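Protein chains: 2
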Amino acid sequence: MSEENIKDSEVDIVIGALQADLSSFLNEWRPIISRFHLIIVQDPDLKDELNIPEGFDLDVYTKSDIDRIVGSSGSAFFSGYSCRYFGYLISRKKYIISIDDDCFPAKDNMGNSIDAVAQHITNLTTPATPFFFNTLYDPFREGADFVRGYPFSLRSGVTSAISCGLWLNLADYDAPTQALKSQLRNSRYVDAVITVPARALMPVSGINIAFDREAVGPTLFPALKLAQEGNFRWETMEDIWSGMCAKVVCDHLGLGVKSGLPYVWRKERGSAIDSLRKEWEGVKLMEEVVPFFQSVRLPQTATTAEDCVVEIAKTVKEQLGRVDPVFSRAAEAMVEWVKLWKIGSGSPLVFR
Amino acid sequence: MSEENIKDSEVDIVIGALQADLSSFLNEWRPIISRFHLIIVQDPDLKDELNIPEGFDLDVYTKSDIDRIVGSSGSAFFSGYSCRYFGYLISRKKYIISIDDDCFPAKDNMGNSIDAVAQHITNLTTPATPFFFNTLYDPFREGADFVRGYPFSLRSGVTSAISCGLWLNLADYDAPTQALKSQLRNSRYVDAVITVPARALMPVSGINIAFDREAVGPTLFPALKLAQEGNFRWETMEDIWSGMCAKVVCDHLGLGVKSGLPYVWRKERGSAIDSLRKEWEGVKLMEEVVPFFQSVRLPQTATTAEDCVVEIAKTVKEQLGRVDPVFSRAAEAMVEWVKLWKIGSGSPLVFR
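Structural data, given as structure tokens:
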């Protein structure tokens with residue numbers, strides 16, 4: 000497997016538009032993304048018309064498209080940062096790459112511009128190694144290999160399903176951390192890609208992510224909505240929650256999750272201190288969420304991502320539902336998502 | 000916890016001397032290690048007298064010391080790369096740092112000389128985070144923190160017990176890899192320290208390692224001896240085997256294992272092709288070793304590293320003993336090691 004095998008036509012770049020003026024965003028990304036098809040989904044709460052520069056192959060979806068395709072509940076489902084998930088649903092491509100609209104191409108330690116799309120595709124098209132940790136990181140990178148002691152039977156690895164990229168400048172901290180350390184910026188470029196080991200959980204950030212839509216598309220959804228959720232990343236939990244589901248599903252199905260390169264440059268936006276009041280809800284929920292996902296086990300009969308999500312939703316309802324109603328609503332949204340996903344993949348006409 | 004709390008007198012630097020002339024090795028390391036106490040253990044198979052430059056605070060142990068202290072079987076136990084373990088046994092310090100005598104101080108990406116000792120001490124004296132993966136790597140490094148979604152209850156971390164450093168130039172590959180890719184050198188300096196997640200196994204290399212001797216000293220021993228073991232790293236398995244034990248014990252006791260910085264510069268030595276015939280034994284054994292350690296579970300009654308090693312030895316004998324006699328011998332050596340360790344810590348007079 001190598002990235003040469005991937006055609007540009009197998010990739011959709013999905014952008015959730017939380018701001019109307021996408022001109023500087025798209026112009027800065029132009030050299031990297033212009034050869035791919037773009038799906039732009041406008042936040043249904045955003046009233047202004049989008050400003051999109053010429054020269055891209057793209058489809059734009061707005062509130063009326065969402066309502067038409069998934070019904071009138073769609074706008075609530077796909078509001079705010081969750082609008083991008085509509086793009087995941089509507090895409091028919093094997094791979095999806097999604098980057099927040101406040102991120103720009105970053106530079107590596109040598110000052111070279113990073114092609115985040117190429118790196119994500121490399122991550123997804125080279126094997127992952129979740130069953131044994133390679134101390135020299137990704138053994139499939141040029142100049143690297145498996146170290147002494149790595150079992151030969153595990154060296155072919157498994158299919159990579161998710162590639163989680165990182166952030167320079169404003170990192171993906173929560174509001175309390177950002178408020179407490181308002182000067183904290185990430186300037187450390189770590190030149191590595193790691194397979195997150197099987198059974199190790201992680202906070203998957205939706206800021207800069209790519210995945211194999213055919214393999215794990217149904218596991219990435221907007222289900223956990225905080226009561227006071229706003230339009231700053233540190234006010235959301237939807238990506239963290241679905242990322243936990245996605246990791247558990249990948250472990251169950253024998254698929255790999257990678258973290259590390261590529262970096263994007265994340266711009267400043269909003270005040271963490273203003274968000275503190277809202278964020279605590281999400282922070283508190285994680286104390287329940289992590290032990291739950293550490294203990295959840297999927298039955299052998301769950302052989303697809305859809306099956307797995309339905310099974311997890313059932314257990315969420317049973318075990319977490321009594322802790323907080325936000326979890327019952329998440330479980331219902333997960334079941335709803337799988338229904339939408341199945342309709343979408345069964346009847347392409349409905350969705351295009 | 001921070002490195003300021005560690006006195007130099009709490010650290011022993013243990014060097015296994017596989018070559019008689021240590022002058023260039025010690026002189027290159029002088030600025031970094033001269034303020035610490037050194038334990039130099041001469042490979043009992045090495046007949047020449049050691050050449051050691053002036054100006055170090057050190058104790059040297061030779062074949063006759065080993066035989067006197069652990070009995071006449073000692074020389075076989077501690078031959079070749081295993082000689083360093085005699086230093087682990089004889090030390091009375093809390094922390095041990097051990098680096099192969101063919102390694103030299105490396106430089107980082109900015110061309111600055113790396114203080115491997117300081118980095119190991121930082122790794123050991125800042126907490127580890129084995130129960131949830133932090134995508135921005137070590138959250139205790141300057142300029143880093145826990146990312147959004149990281150549960151606050153896990154942010155205090157656990158005590159770090161083992162710090163595994165890496166290698167620039169000649170990396171720690173096995174003989175087949177080194178022979179097949181004879182030009183392969185590691186030039187990628189990855190500026191990161193990672194806690195290897197709980198329940199994830201890894202190949203611990205003894206080339207550049209540090210550990211909390213009081214917490215996990217009994218888990219690092221020379222037990223798995225290959226029939227054709229020689230004096231090249233790629234011909235040995237003793238560190239990989241004891242590293243698997245150590246990781247399982249750390250997971251059981253709630254201690255952390257870190258991997259990454261510091262790097263050392265590893266010099267060329269020997270021919271991998273000549274070693275190929277020997278190495279295959281070790282390579283084949285890993286196919287049994289990894290599934291074994293992935294399945295081994297320790298009883299709640301095992302509350303110290305000594306207890307854990309004895310329990311693992313019992314299971315090795317039962318389950319792996321029938322696969323290959325090398326494993327039965329390893330199990331016996333592990334029990335023997337714990338006995339030596341207990342004698343040593345109970346009666347310091349015997350050992351000094």
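Each protein sequence line maps, in turn, to chains A and B. Residue numbering for the first sequence follows numbering that gives the first Met the number 0, starting at 0 and increasing by one per position. Residue numbering for the second sequence follows numbering that gives the first Met the number 0, starting at 0 and increasing by one per position. Quick reminder that beta carbons are idealized off the backbone N, C-alpha and C, glycines included. Since we're looking at a predicted model, the values are computed, not measured.
- Assigned with DSSP and collapsed to three states, A:TYR172 falls in coil, not helix or strand.
- Taking C-alpha positions only, A:LEU123 is separated from A:SER8 by approximately 15 Å.
- Cβ contact annotation for A:VAL248 (same chain, cutoff 6 Å, sequence separation greater than five): THR218, ALA304 and CYS307, in chain order.
- The alpha-carbon separation between B:ILE193 and B:TRP264 amounts to approximately 20 Å.
- When the Cα atoms are used, A:ALA312 and A:LYS257 turn out to be separated by approximately 24 Å.
- Checking the DSSP bridge columns, you'll see B:ARG232 has no partner listed.
- Around the beta carbon of B:ASP273, a 10 Å sphere encloses fewer than 16 other beta carbons of the protein chains shown; the residue is thus reported as exposed.
- For A:THR194, no alpha helix (DSSP H) run applies; the uninterrupted beta strand (DSSP E) run containing it begins and ends at 192-194, by DSSP.
- Of the residues assessed, B:THR300 falls on the exposed side of the cut-off, its CB having fewer than 16 other CB atoms within 10 angstroms.
- Secondary structure at A:ASP56: strand, using DSSP grouped into helix, strand and coil.
- For B:TYR80, the three-state secondary structure derived from DSSP is helix.
- Runs of alpha helix (DSSP H) with 4 or more residues, each lying fully within the region 59-131 of chain A, are found at 62-69, 73-76, 82-89 and 115-124, listed in chain order.
- Each of B:ARG198, B:ILE12, B:ASP137 and B:ASP101 was checked against the Cα of B:LYS93, and the nearest Cα belongs to B:ILE12.
- Nearest in C-alpha terms to B:CYS244, of all of B:PHE55, B:ILE161 and B:ASN108, is B:ILE161.
- Sequence-distant partners of A:TRP336 (beyond 5 residues in either direction) whose C-beta falls short of 6 Å from its own C-beta, in its chain, are PHE220.
- One alpha carbon belongs to B:LYS106, the other to B:ILE32, and they sit about 16 Å apart.
- Neighbours of A:LEU225 across chain B, judged by C-beta separation under 7 Å, do not exist; the nearest C-beta is about 12 Å away.
- Within chain A, the residues ARG147 have their CB atoms less than 9 Å from the CB of B:TRP233, given in chain order.
- Contact between A:HIS119 and A:GLY164 holds, since their C-beta atoms are separated by about 7 Å, short of 8 Å.
- Of the candidates A:GLN18, A:ASP66, A:ALA329 and A:PHE139, A:PHE139 places its Cα closest to the Cα of A:SER159.
- Of the residues assessed, A:ARG276 falls on the exposed side of the cut-off, its CB having fewer than 16 other CB atoms within 10 angstroms.
- For B:PRO30, the uninterrupted alpha helix (DSSP H) run begins and ends at 22-32, by DSSP.
- With a cutoff of 8 Å on beta-carbon distance, B:PHE85 and B:ILE65 are scored as near each other.
- A Cβ-Cβ contact shorter than 8 Å links A:ASP238 with A:VAL203.
- Close CB contacts of A:VAL59 within its chain, under the 6 Å cut and outside five residues either way in sequence, are with ILE39 (chain order).
- Around A:PRO126, the same chain offers MET0, PHE139, SER155, GLY156, VAL157, THR158, SER159 and GLY255 as residues with beta carbons nearer than 8 Å, after the five sequence neighbours per side are excluded.
- Contact of B:GLU286 with chain A is assigned, a C-beta pair being separated by under 8 Å.
- Excluding sequence positions up to five before and after A:ASP101, its CB lies within less than 7 Å of the CB of ARG265, LYS266 and ARG268, all in the same chain and listed in chain order.
- Cβ proximity to chain A below 7 Å picks out nothing from the region 293-322 of chain B.
- At a cut-off of 8 Å, the C-beta of B:LEU219 has no neighbouring C-beta in chain A.
- A:ASN185 has a beta carbon lying within less than 8 Å of a beta carbon in chain B.
- No Cβ-Cβ contact shorter than 8 Å links B:SER186 with B:LEU169.
- In the DSSP assignment, A:ILE161 forms a beta bridge with A:PHE210 and A:VAL256.
- The beta strand (DSSP E) runs lying completely inside the region 251-336 of chain A and spanning 3 residues or more are 255-265, given in chain order.
- The shortest C-alpha to C-alpha distance from B:PHE76 to any of B:PHE292, B:PRO104, B:LEU225 and B:ARG232 is the one to B:LEU225.
- With fewer than 16 neighbouring CB atoms inside 10 Å of its own CB, B:MET109 falls in the exposed class.
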